[in-house]
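Undergrad: Numbering (our numbering), first residue to last: 7 to 254.
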Ligand SMILES: C[S@@+](CC[C@H](N)C(=O)[O-])C[C@H]1O[C@@H](n2cnc3c(N)ncnc32)[C@H](O)[C@@H]1O
């Protein structure tokens, strides 16, 4: 589910220079950076999932973005030189990390003094009923991944993120919510295509011949989720964003 549309109005205020997007997936956030930053020299997206990276590379080619490149690399072992980036970003991925603290301190290490640090992460509380479709779907997916042995925790609470961002040691720190009300054109929560897309994703997960399917609780949860989506609609969950600069 792409949330690349949730931040553009904020990005236009900043020039990126050399940018690192950590755990870039198929590049939605990297492309949002490319389209909306006031300028950038290059954007490097890293991820451990080669299939996602291939999709990202193909999308960069299609969009003629030849200064947006994607590489396989573990966020917990960044390995780039100290102070070698002007901007570091991580979007909706901290909850995938075994050690979010290690990832954030690695990002800080590779950021030059005065460089820009952007973190965005959706949270699971304080959401309306349509947004809870997103949160509940995410928790379902995270629980299935966990059973498969993949690190994937449910979304953080807003206050957990707030505390984490305060601990980044950034100057000029701004912490703020970005939600569906920031998307243009507005999304209709009862849009049938969006709801049925979500239903389809649950069905696909339940068809998968994996161990979790022997556990009937997932089938029951899947059915309850689909009913919830159809009754309450769907909107993207609100995220908490931190933007600040590395002192020095
Ligand atoms: C929700 S997706 C990425 C979303 C993307 N940043 C965006 O905002 O559109 C989370 C990504 O984290 C990646 N990931 C998980 N553990 C990782 C690690 N240790 N190093 C790099 N990437 C990792 C996964 O492969 C997945 O692509």
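All C-beta atoms, glycine included, are put in the ideal place defined by N, C-alpha and C. Because the structure is a prediction, the values reported are computed rather than measured.
How far does the beta strand (DSSP E) with residue 239 in it reach, from first residue to last?
TA: The sequence position of residue 239 within the chain shown is 233, counting from 1. It is not in any beta strand (DSSP E) - residue 239 carries neither H nor E in the DSSP assignment.
Undergrad: CB of residue 54 to nearest heavy atom of ligand 1: below 7 Å?
TA: For the purposes of this step, residue 54 is identified with residue 48 of the chain shown, where counting begins at 1. For ligand 1, at least one heavy atom lies less than 7 Å from the Cβ of residue 54.
Undergrad: What's the call for residue 241, buried or exposed, on a 16-neighbour Cβ count within 10 Å?
TA: Along the chain shown, one-based indexing puts residue 241 at 235. Buried is the label assigned to residue 241, since at least 16 other Cβ atoms lie within 10 Å of its Cβ.
Undergrad: Examine ligand 1 and report whether any of its heavy atoms sits within less than 7 Å of the Cβ of residue 42.
TA: In the chain shown, counting from the first residue as 1, residue 42 sits at position 36. Residue 42 Cβ: outside cutoff for every heavy atom of ligand 1.
Undergrad: Between residue 18 and ligand 1, is the CB less than 7 Å from at least one heavy atom?
TA: Your numbering for residue 18 matches position 12 in the chain shown. Because no heavy atom of ligand 1 lies under 7 Å away, the Cβ of residue 18 does not count as near it: no.
Undergrad: Considering only the beta carbon of each residue, do residue 261 and residue 81 sit closer than 8 Å?
TA: It is not possible to answer for residue 261, since the shown part of the chain is limited to 7 through 254.
Undergrad: Tell me which residues share the same chain as residue 133 and place their Cβ nearer than 8 Å to its Cβ, disregarding the 5 neighbours each side in the sequence.
TA: Along the chain shown, read from residue 1 onward, the residue named residue 133 stands at position 127. Cβ within range, chain order: 140, 141, 243, 244.
Undergrad: Measuring from the CB of residue 145, is there a heavy atom of ligand 1 at a distance below 7 Å?
TA: Numbered from 1 along the chain shown, position 139 holds the residue referred to as residue 145. No, the beta carbon of residue 145 sits no closer than 7 Å to any heavy atom of ligand 1.
Undergrad: State yes or no: is the C-beta of residue 78 within less than 8 Å of the C-beta of residue 56?
TA: Taking the first residue of the chain shown as 1, we reach residue 78 at position 72. Taking the first residue of the chain shown as 1, we reach residue 56 at position 50. Taking 8 Å as the Cβ cut-off, residue 78 and residue 56 qualify as a contacting pair.
Undergrad: Leaving out five residues on either side along the sequence, give the residues of the same chain with a beta carbon under 8 Å from the beta carbon of residue 48.
TA: Numbered from 1 along the chain shown, position 42 holds the residue referred to as residue 48. 24, 25, 73, 74, 75, listed in sequence order.
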